[in-house]
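Reviewing the structure listed below.
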Amino acid sequence: MRYPRWFWAAFGAPGLLWIGVLFLVPLYVILAVAMGTVDPIFLSPVPVWNPLDWSTTAFEQIIEGLGPGEQFFVVFVRTFVYVALALALSLAIGYPVAYFIARHGGRFKGLLLVGLVAPFWISYLMRMLAWVNLLQDEGYVNRALMALELLDTPRNWLDGRASTVILGLVYGYVPFLILPLYAALDRIPRDLLEAARDLGASSAQAFRRVTLPLSKPGILAGSVIIALPMFGDYYTPDLLSGSPRTNIIGNQINLYIHGPQVTVGAALTVVLMLLLVVLMVYYLASMARSARELGP
Amino acid sequence: MRGALAWWRNPWGRPRFLFLFTLVYMAWSIVPILMAVRFSFNDGRSRSTAQGWSTRWYWQEPDLSVWNDPSLRQALFQSLELASLAMLIAVPLGVALALSLTRWRGRGAGSARFVSLFPIVTPEIVMGTALFLTFVHLFRFVELGTTAQLLGHVTFSIAFVIIVVRGRLLSIGPEYEEAAQDLGASPVQALRLVLMPLLVPAIFASLMIVFAISIDDFVISAFLSRDASTETVPVKIYANARGAPTPALNALASVMLFAAMLAIALAVGAYKLAQRARGERAAAIEDFAQMRL
Chain A
1 MRYPRWFWAA FGAPGLLWIG VLFLVPLYVI LAVAMGTVDP IFLSPVPVWN PLDWSTTAFE
61 QIIEGLGPGE QFFVVFVRTF VYVALALALS LAIGYPVAYF IARHGGRFKG LLLVGLVAPF
121 WISYLMRMLA WVNLLQDEGY VNRALMALEL LDTPRNWLDG RASTVILGLV YGYVPFLILP
181 LYAALDRIPR DLLEAARDLG ASSAQAFRRV TLPLSKPGIL AGSVIIALPM FGDYYTPDLL
241 SGSPRTNIIG NQINLYIHGP QVTVGAALTV VLMLLLVVLM VYYLASMARS ARELGP
Chain B
297 MRGALAWWRN PWGRPRFLFL FTLVYMAWSI VPILMAVRFS FNDGRSRSTA QGWSTRWYWQ
357 EPDLSVWNDP SLRQALFQSL ELASLAMLIA VPLGVALALS LTRWRGRGAG SARFVSLFPI
417 VTPEIVMGTA LFLTFVHLFR FVELGTTAQL LGHVTFSIAF VIIVVRGRLL SIGPEYEEAA
477 QDLGASPVQA LRLVLMPLLV PAIFASLMIV FAISIDDFVI SAFLSRDAST ETVPVKIYAN
537 ARGAPTPALN ALASVMLFAA MLAIALAVGA YKLAQRARGE RAAAIEDFAQ MRL
């Protein structure tokens, strides 16, 4: 390398400074507020910057609320159930689609890929708005179901149904799963499958013992990349149900941060971050691995 | 009908169940959006039933259309302004950081890489809360509103620029710059004359991606908004979706959709031109789908 040693480090300085001041420092601010005190008169949070003076009152309140049947217990369990079901459904829908396009797209591949990529450029909120339109009492979903005689009277789909929220999450996030799945499946060399078939594997065996294991990194990375935003979602339940019956962790954070108990909101954010940190680090590690495969 | 049956039973064709499944998926994914756009052209006031065709909810209706309702028009300009500014700040910062993270081999490079990609895996609600509390309690000189939103948008955009540019840098390799320096170029010349032209498609793609994720962003914009005057289009949709009395909200969302389509068409065109100029095969969509920009 003929560059002076400081050359490339200097290039990164402005960006790293930006991330330090507007990402790392704010993460510390959450901690300082969560472990801070509350002004006795105005009830506004007072951040405590020195870790030696931190108080754990807000966390104690959350731990109390995590007893079976208590407020936070219900919300945490609900969040895990919603995310698990939405993730399972997304895989069940996404894998076959990604597989078909990667393996059998043929001359329609370009067109099918446009269909896959399109939702990336359409605002998430607009995609939810589209379903709010369709799921109205006099909307086309009810009309279609009544025309097929599956329903006698219009059903109110938007009044706090778990099923609507879970399907909304699937609709919202499945495109972000399909793309990494497609990339993983498309990279599998066809020779490996031909070899498996030549050596006597049935097509089901070839799928189970060659395609599926080789697409596992794509499945894991895709699942993590949609599970993370699902855990932090609050707008999907708000738009598609709006009822406290479908509140998940994100709704609670949003309510507390903009309500009277900001410290509890900050503490909930810390808890969420701790729950997700394993997934986050896993994804970063898998990204670093694929970058190493690409480069020197 | 018989043709369809014969196609279904033909054992040599492509897997028919998967083909139908994919078609149904595509319809499920696209048709609701088309319906939402359709309602925006309604002649009546319904947002759930097709009622004739008109552009009244775009600009004709005196007080309620996108153009004539100050709060809707305001949201449109707020979104476009934020996205343009975020693009202009995040892309130079991100490109420089990507160069640094890829070529810098010294101590600290590993943790710098880890930290700069961390925003991408941080749920937006965490980042929204963090920035909101920071601007309220620590950096009080930054008021909530456009400035705070812009700072937030740039912060989460940088990581996307890094991914796109770094992918390209890794596939280029260090050989071109080394050759240039062997032939007498200074480090800055090697960067400017050799590396930068090779990075043009990646820079272009980054501009597009930052614009798109900034325009789509909801959580950060909502957490850092001051009042109704700094709401962006997604925030407006969130606030009004369940109560909106007219298709004007659909029209607002559709305008953003058309803008995005136009931007993509421009970007794909430019990407193809750039590739053709270098004599490469042009398949922008496939490159995007495989994340090798």
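As you go down the protein sequences, you meet chains A and B in turn.
Once you know that position 141 of the first sequence is 141 in our numbering, the rest is easy, because the numbers rise by one and skip nothing.
Counting the second sequence from 1 gives a position; our numbering is that position plus 296.
The C-beta atom is built at its ideal place from N, Cα and C for all residues, glycine as well.
None of the values given here were measured: they were computed from a predicted structure.
Contact note: Pro541/B does not reach chain A at a C-beta cutoff of 7 angstroms; the least C-beta distance is about 13 angstroms. For the pair Ile329/B and Gly390/B, the CB atoms are not nearer than the 7 angstroms cut-off. Comparing alpha-carbon positions, the option among Ala547/B, His433/B, Asp359/B lying closest to Leu372/B turns out to be Ala547/B. Straight-line measurement puts the Cα of Ala332/B at about 8 angstroms from the Cα of Ser550/B.
In the DSSP annotation of this structure, Ile122/A is not part of any alpha helix (DSSP H), being labelled neither H nor E. Taken atom to atom, the span from the alpha-carbon of Gly348/B to that of Glu420/B is near 40 angstroms. Around the beta-carbon of Ser44/A, fewer than 16 other beta-carbon atoms lie within 10 Å, marking it exposed.
Assignment of beta-bridge partners to Thr164/A by DSSP yields no partner. Exposure of Gly539/B is indicated by the presence of fewer than 16 other C-beta atoms within 10 angstroms of its C-beta. Proximity of chain B to Gly250/A at the Cβ level (cut-off 7 angstroms) is accounted for by Ile421, in chain order.
Residue environment analysis places Asn247/A among the buried positions, since at least 16 neighbouring C-beta atoms fall within 10 angstroms of its C-beta. The alpha-carbon of Pro493/B is positioned some 11 angstroms away from that of Ala486/B. The beta-carbon of Tyr534/B is placed less than 7 angstroms from the nearest beta-carbon of chain A. Beta-bridge annotation (DSSP): Val46/A is paired with Thr37/A. Apart from the 5 residues on each side of it in sequence, Ala498/B sits with its Cβ closer than 7 angstroms to the Cβ of Val460, Val461, Arg464, Leu589 in its chain, given in chain order.
For the 7 angstroms CB-CB criterion, Gly160/A and Arg292/A do not form a contact. For the stretch 112-136 of chain A, the set of residues with a beta-carbon nearer than 8 angstroms to any beta-carbon of chain B comprises Leu112, Leu113, Val114, Gly115, Leu116, Val117, Ala118, Pro119, Phe120, Trp121, Ile122, Ser123, Tyr124, Leu125, Met126, Arg127, Met128, Leu129, Ala130, Trp131, Val132, Asn133, Leu134, Gln136, in chain order.
Those residues of the stretch 331-347 of chain B placed with their C-beta closer than 7 angstroms to a C-beta in chain A are Met331, Ala332, Phe335, Arg343, Ser344, Thr345, ordered along the chain. Judged by DSSP in its simplified three-state form, Arg5/A adopts coil rather than helix or strand. Burial check for Gly480/B: the Cβ neighbour count within 10 Å stays below 16, so the residue is exposed.
Annotation: Cβ neighbours of Tyr283/A in chain B (cutoff 7 angstroms, chain order): Val417. Closer than 7 angstroms at the C-beta level to chain A, one finds these residues of the stretch 483-499 of chain B: Pro483. Where Tyr472/B is concerned, the enclosing alpha helix (DSSP H) starts and stops at 471-478. For the C-beta of Val411/B, the chain A residues within less than 9 angstroms are, from N- to C-terminus, Leu16, Ile19, Gly20, Phe23, Leu24.
In this structure His449/B is buried. Its beta-carbon is surrounded by 16 or more other beta-carbon atoms within 10 angstroms.
Within the same chain, Cβ atoms closer than 7 angstroms to the Cβ of Tyr124/A are found at Gly172, the five residues on either side in sequence being excluded.
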